[in-house]
Structures are given as structure tokens and as C-alpha cells.
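> Below you'll find the structure I mean.
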Amino acid sequence: AGYYHRFVEGFSRLALPLTKLMRKGERFVWNEEQEKSFEELKQRLVSTPVLTLPSRSGEFQIYSDASKKGLGCVLMQHGKVIAYALRQLKLYEVNYPTHDLELAAVVFTL
Numbered sequence: 018a019g020y021y022h023r024f025v026e027g028f029s030r031l032a033l034p035l036t037k038l039m040r041k042g043e044r045f046v047w048n049e050e051q052e053k054s055f056e057e058l059k060q061r062l063v064s065t066p067v068l069t070l071p072s073r074s075g076e077f078q079i080y081s082d083a084s085k086k087g088l089g090c091v092l093m094q095h096g097k098v099i100a101y102a103l104r105q106l107k108l109y110e111v112n113y114p115t116h117d118l119e120l121a122a123v124v125f126t127l
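Using the working numbering, you'd call the opening residue of the sequence shown number 18 and step up by one each time.
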């Protein structure tokens, strides 16, 4: 599903319980949190995404955001979503203050 992450809004956030299982030294325990994450991702992957193709005319808008779990951005044109991009925070980014995370989101976006 790695290829499709850019087409599923909030993919990194939704996949977090699953990706935690793949960390070195992490014990593999599948519980309700992982099952819920898996089912939600599966549902979103089989649902029709509401994305549009970019137009040669008109301006683009980019929105970026950061949280304590990840960075994300949306590329839009004429009020319609063209693409999403999200990623989880790296281990060294987890303790960044809010203003540094917001700046990291801008850098990630560009």
C-alpha cells in the first residue's frame, strides 16, 4: 500500500499502529488498535478517491500542517484536491517544539 499513501488522506496517521509493529525490537502484538487501523486503511483503499487532475490554467494552493505524529500537505487547484502528501515523524523529530514542526511541514511540502 506504500504507493497509494499519497491518495489516502491521513494515511500515515491511520497506518501508525501498523508501522509501529515493524520497528526493530518491537514485539509483534496484533490487537484491536491494529485491527481498526487495518480495516480503515483497507476501506479507504477500495473507496473511490476524490482527486482531480491539475489544470493548465489557474493557481495552485498548498496547505501544510504538523502534529505530534506527522507532517502533511495538500495540493489544491480551484478548490479541489489534486494530491495529498503525509509522513510520520522521524524519531529525532518527535521532541521538536511546535514552531519547528510547522517549519518542517513547510519544508516537506516544498
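Yeah, the Cβ is synthetic: ideal placement off N, Cα and C, and Gly gets one too.
1. Just checking my contact of residue 26 with residue 80 at CB under 8 Å: how many whole Å lie between their CB atoms?
2. Looking at the secondary structure, which residues open and close the alpha helix (DSSP H) in which residue 54 lies?
3. Are at least three pairs of beta-carbons, each pair with one atom in the segment 68-78 and one in the segment 112-125, less than 8 Å apart?
4. Answer yes if the segment 90-100 comes into contact with the segment 58-68, meaning at least three C-beta pairs across the two stretches below 8 Å, and no otherwise.
5. Return the CA-CA distance between residue 123 and residue 104, expressed in angstroms with no decimal places.
In terms of the structure at hand:
1. Sequence index remark: in the sequence shown, residue 26 carries index 9 (1-based). Sequence index remark: in the sequence shown, residue 80 carries index 63 (1-based). Not quite, the Cβ-Cβ distance comes to about 12 Å (not below 8 Å), so this is no contact.
2. The sequence position of residue 54 within the sequence shown is 37, counting from 1. Going by DSSP, residue 54 is part of the alpha helix (DSSP H) stretching over 49-63.
3. In short, these stretches do not touch, since the Cβ pair count stays below three.
4. Contact holds: three or more Cβ-Cβ distances are below 8 Å.
5. Here residue 123 refers to the residue found at position 106 when the sequence shown is read from its first residue. Here residue 104 refers to the residue found at position 87 when the sequence shown is read from its first residue. Straight-line spacing of the CA atoms in residue 123 and residue 104 works out to 13 Å.
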